[in-house]
Amino acid sequence: ISYFRVRVEPEVMSYPGQTVTLRCQFPNPGETRLTQVSWIFEPTDAERTNIAVFHPSFGVIYPAKSPLSGRVSFVTDPPSLENPSIKIREVKMTDEGRYICEYAKYPSGNEQGVTSLVMLAKPKNLATSVRVNAGKTPVIVARCESSNGRPAATISWSTALSGNVTTPIETENPDNTITVQSAYMLVPQPSDNGKDISCMVSHSTMTRPETFPMKLVVEYPPQVKIVGYDNNWYRGRTSAYLTCQADGNPVPTTVTWKTLSGLMPKTVQVQENRLVVQKVDDTINTTFICEVKNSLGYGRDQISVFVRGESVCIVFDNRFLTHFHWGECEVATLAVVGKMRPNFRQARGYSLDIRP
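Using the working numbering, the letters of the sequence shown correspond one by one to residues 1 to 356.
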């Protein structure tokens with residue numbers, strides 16, 4: 001209650017459809033003579049207008065052109081000058097504004113008190129990620145909207161991404177509610193696909209912010225890498241293989257193996273993204289290409305295989321003389337070493353490092 005002689009509540013809040021009471025009193029007028037009381041409505045975006053008048057001699061008047069006509073009345077019937085409070089039924093969002101309780105006095109003129117009616121409307125909130133293509137310029141990757149609320153909602157974002165939040169756009173609707181829109185912008189990279197981002201909406205009608213967790217959707221052509229070549233493919237080696245690793249969004253639909261020469265060796269078997277060499281021979285001495293496609297395009301990788309001569313090692317300790325493929329040397333050494341340290345020598349016609 002204010003401390004002026006005309007006592008009113010500074011602010012009253014209400015939801016649409018409710019009945020709201022606006023109180024007004026002029027206690028202890030003393031020698032001041034109260035002659036009339038008027039209620040004046042001052043909308044936020046229109047001219048002020050009388051909505052209710054009481055005169056002890058002429059009674060009550062509710063102007064027909066008032067935007068509250070038929071919905072406003074004095075609390076008591078008949079009202080009194082000392083307590084001319086009013087009530088408004090079926091309040092609307094457009095009823096928000098200043099309500100002035102004004103007394104006409106004799107002999108000192110008019111005196112008034114002002115109550116602000118604040119209309120509340122719980123907004124409808126939603127958030128969505130935006131499907132985008134990887135690129136080099138900033139684009140909107142997520143949107144958040146709080147619609148038909150009053151007052152305007154506050155939107156914030158939470159993410160580890162290095163993008164930027166757009167300036168919120170507030171739109172006032174015909175029913176006096178407000179819609180707030182916010183967006184998150186980013187230069188999308190393939191590595192951003194599936195990253196987390198959340199939109200939080202805060203509003204005076206909600207006890208806590210409403211949170212919308214999302215995952216980014218970034219589409220990109222396949223990124224391809226061939227793995228499995230260890231630079232030790234020698235003649236006679238078996239079960240050598242290459243694997244074509246591909247990542248893309250949408251998911252890649254086709255994987256194609258080919259060679260730079262156009263001819264696939266007969267000892268090669270293609271098993272989807274895997275290329276298996278049953279036995280290495282000189283025909284494997286080529287460049288293998290893996291090409292992967294999705295709806296956005298294709299990606300490819302290639303690797304050149306160098307076939308080495310058949311690698312063997314000679315192991316002897318004055319008792320044994322034998323040879324093994326290079327990959328078996330360590331096992332063979334342990335088998336024949338005995339009490340003497342074995343020696344390794346280069347066998348004529350073979351590629352082999354000398355080991356003391």
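All C-beta atoms, glycine included, are put in the ideal place defined by N, C-alpha and C.
Keep in mind it's a predicted model, so treat the numbers as computed, not measured.
Check	Outcome
Here's a check: name, in chain order, each residue in its chain whose Cβ is nearer than 6 angstroms to the Cβ of residue 153, leaving out the five neighbours to either side.	123, 146, 180, 201, 203
Could I get the ranges of all uninterrupted beta strand (DSSP E) runs contained in the region 166-211, with 3 residues as the minimum, in chain order?	169-172, 178-186, 196-202
Helix, strand or coil for residue 13? Go by DSSP, reduced to three states.	strand
Based on the DSSP output, what are the partners of residue 269 in its beta bridges?	276
Fully enclosed by the region 91-125, which beta strand (DSSP E) runs are 3 residues long or longer?	97-106, 109-119
Can you tell which of 121, 138, 155 has the C-alpha that lies nearest to the C-alpha of residue 148?	121
Could you tell me if residue 125 is buried or exposed, where buried requires 16 or more neighbouring beta carbons within 10 angstroms of its beta carbon?	buried
Assuming residue 294 and residue 252 form a contact by the criterion Cβ under 8 angstroms, report the distance between their Cβ atoms to the nearest whole angstrom.	5 angstroms
Are the CB atoms of residue 113 and residue 6 nearer to each other than 8 angstroms?	yes
Taking 7 angstroms as the limit between beta carbons, can you name the residues of its chain near residue 158, skipping five residues before and five after?	198, 200
Comparing alpha-carbon positions, which option in 39, 175, 273, 183 lies nearest residue 130?	183
Assuming residue 360 and residue 19 are in contact, meaning their beta carbons sit under 8 angstroms apart, how far apart are those beta carbons, in whole angstroms?	Shown here, the chain extends from 1 to 356; a query on residue 360 therefore has no answer.
Just to confirm, are residue 99 and residue 110 a CB contact at a threshold of 8 angstroms?	no
Which stretch, first to last residue, makes up the beta strand (DSSP E) that contains residue 222?	218-227
Counting only the same chain and skipping the five closest in sequence on each side, list residues whose C-beta sits under 6 angstroms from that of residue 164.	185
In its own chain, which residues sit with a C-beta less than 6 angstroms from the C-beta of residue 206, not counting the 5 before and 5 after it?	none
Going by DSSP, name the residue or residues bridged to residue 36.	104
Is it buried or exposed for residue 169, if we count other Cβ within 10 angstroms and need 16 for buried?	exposed
Put residue 247 into one of helix, strand or coil per three-state DSSP.	strand
Which same chain residues, not among the five before or five after residue 211, have their C-beta less than 7 angstroms away from its C-beta?	198, 200
Do residue 259 and residue 306 have their beta-carbon atoms positioned less than 8 angstroms apart in this structure?	no
Determine the extent of the beta strand (DSSP E) in which residue 294 is found, giving its start and end residues.	287-294
What would DSSP say about residue 301, mapped onto helix, strand or coil?	strand
My guess is that residue 41 and residue 60 are in contact by the Cβ rule of under 8 angstroms, so how many angstroms apart are they, rounded?	Contact flag wrong, Cβ pair sits at about 16 angstroms.
Just to confirm my understanding: we take residue 116, look at its own chain, exclude 5 residues before and 5 after, and list those with CB closer than 8 angstroms. What are they?	10, 11, 12, 97, 98, 99
Going by alpha carbons, who is nearest to residue 208 out of 50, 155, 77?	155
Could you check whether the Cβ of residue 228 sits closer than 7 angstroms to any heavy atom belonging to the ligand ATP?	Looking at this structure, you won't find the ligand ATP or any other ligand, since it has none at all.
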